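Enquirer: With the working numbering, letter number 34 in the sequence shown gets 1028, and the count goes up by one each step, no holes.
Quick one: the structure is below, questions incoming.
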Amino acid sequence: MRRFHKTFFILAAILLLAVALNSCDNRPLKVYADCLVRRVVDGDTLLLESGERVRLIGIDTPEMHESQKLHRDAQRSQQDTTAIQRLGRRSYEFTKKLVEGKRISLEFDLEKYDKYKRLLAYVYLKENGVFVNAEIVKAGYASLLTIPPNVKYADLFLKLYREARENRRGLWE
């Protein structure tokens, strides 16, 4: 009888811990195995049919819209904001053609949300399994943006980025 109580107590503690971990951010546990991309916001951000925004992990595309980041990037790169926005438009068009109106699945790394409450994800096309984040880098429409602890594919992205630049693809032509 004593063994039963001890086992019951351990199982109850594990169950309470699991519930606490899954509800820390007050969001219900949700599976992202089959989602529709309603709209591409920019080259590295998607809007799902659920209304949630997805920020593609590991990549960064030029800014297309007027923003503080656009001006920081212009200052850092010594490029005109109009030139950056033109490149941002090209990245947006590539991503739009690749995923808009299509079904995707999401893979998460260690952090699931950014400070803007966007989902942080690696994205795959349901129709053929194409790894969207990697495809954008491979085609030359994104730079790298590695933010620990979400670094699962950082080495792959670096390899694809170097190849795209060396072969003058996408934004590097």
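The beta-carbon is built from N, C-alpha and C at its ideal position, and this holds for glycine as well.
Since we're looking at a predicted model, the values are computed, not measured.
(1) With burial defined as no fewer than 16 other Cβ atoms inside 10 Å of the residue's Cβ, what is the status of P1056: buried or exposed?
(2) If distances are taken between C-alpha atoms only, which option among E1160, G1164, V1035 comes closest to V1093?
(3) Select from L1113, R1159, I1098 the residue whose C-alpha is nearest the C-alpha of E1105.
(4) May I ask you to verify whether the segment 1146-1161 touches the segment 1075-1094, counting CB pairs closer than 8 angstroms and requiring at least 3?
(5) Rounded to whole angstroms, what is the Cα-Cα separation between D1038 and K1024?
(6) What are the boundary residues of the alpha helix (DSSP H) that includes Y1155?
(7) Does DSSP classify V1145 as helix, strand or coil?
(8) Taking contact to mean 3 or more Cβ pairs, one atom from each stretch, closer than 8 angstroms, check whether the segment 1131-1143 and the segment 1157-1165 are in contact.
(9) If we count the other Cβ atoms within 10 Å of its Cβ and call it buried at 16 or more, is P1143 buried or exposed?
(10) For R1032, which residues of its own chain have a beta-carbon under 7 angstroms away from its beta-carbon, when the five flanking residues on both sides are left out?
(11) List in chain order: all unbroken alpha helix (DSSP H) runs of 4+ residues lying wholly within the segment 1013-1085.
Expert: A quick look at the data gives this:
(1) buried
(2) Nearest in C-alpha terms to V1093, of all of E1160, G1164, V1035, is V1035.
(3) The residue with the shortest Cα to Cα distance from E1105 is L1113.
(4) no
(5) 22 angstroms
(6) 1148-1160
(7) Assignment of V1145 by DSSP, reduced to helix, strand and coil, places it in the coil class.
(8) yes
(9) exposed
(10) L1041, L1042, E1043
(11) 1062-1071
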